[in-house]
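In my numbering, the protein residues as written are 5 to 181.
Okay, structure coming up:
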């Protein structure tokens, strides 16, 4: 199957679900999909990331660990399309990372959270990712707390709601330590 041709045309949710099903049944398609994501092409890469995210949502534990280096490399690129960032942050919920990869992801998420031009959904998911990686590390949690507080006053409703959730979790984490 030529995923590039498939993703180069209009793609609906039903298409993402169908392609996720195909990848689940034919895992060799996952590599093709990851390659399309890494290409960072406006014409098809965001659709490929959507299909991979759909695979993660639809099927329990698809084995994506072999693709972690490529997905992290795509995530940390400064020019990665916002739709790809959003889908990768969803996908990262089910993956395991080395310390080095966690550091790269943390750096990128902090930059996304600090940048007022970043879409609110990506900022909120960056908060979640930072919290998940930092959980149990008082220094990193304090950094996340300070970062959230610095932007709370001017944040949108969604940002404020997400901020409250993670500030509460940070406080609970402090009490537990």
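Just so it is clear, CB atoms sit at the ideal spot from N, CA and C, and this is done for glycine as well.
How would you call residue 118, buried or exposed, if buried means at least 16 neighbouring beta carbons within 10 angstroms?
Under this definition residue 118 is an exposed residue.
State the CB to CB distance for the pair residue 13 and residue 44, rounded to an integer number of angstroms; the pair is presumed to be in contact (CB under 8 Å).
Residue 13 to residue 44, Cβ: 19 Å. No contact.
May I have the straight-line CA-CA distance separating residue 126 from residue 33, to the nearest angstrom?
Answer to the nearest angstrom: the Cα atoms are 27 Å apart.
What are the uninterrupted segments assigned as alpha helix (DSSP H) that are 4 or more residues long and contained completely in the segment 96-139, given in chain order?
Qualifying alpha helix (DSSP H) stretches, in chain order: 103-118 and 124-138.
Using CA coordinates, which residue listed in 105, 120 and 30 is at the minimum distance from residue 134?
Answer by Cα proximity: 105.
When the Cα atoms are used, what is the spatial distance from residue 160 to residue 5?
When rounded, the distance between both Cα atoms is 42 Å.
To which residues of the same chain is residue 171 closer than 7 Å at the C-beta, ignoring the five residues directly before and after it?
Here the set comprises 149 and 152.
Tell me which same chain residues have a C-beta within less than 6 Å of the C-beta of residue 15, skipping the five on either side of it?
Within the same chain, residue 15 has close Cβ partners 51.
Helix, strand or coil for residue 15, going by three-state DSSP, please let me know.
Here residue 15 sits in coil by DSSP.
CB-CB under 6 Å to residue 60, same chain, minus the five flanking residues each way: which ones, in chain order?
Same-chain partners within the cutoff: 95 and 98.
With 9 Å set as the bound, which would you pick, yes or no: does the beta-carbon of residue 165 sit closer than that to a beta-carbon of chain D?
Going by chain labels, chain D is absent from the structure shown, which holds only one protein chain.
Report the three-state DSSP secondary structure of residue 153 (helix, strand or coil).
DSSP places residue 153 in helix when its eight states are reduced to three.
Could you check what DSSP says for residue 57 in three-state terms: helix, strand or coil?
Helix, per DSSP.
Between 162, 180 and 76, which lies nearest to residue 107 when the distance is taken from Cα to Cα?
For residue 107, the nearest C-alpha among the options comes from 76.
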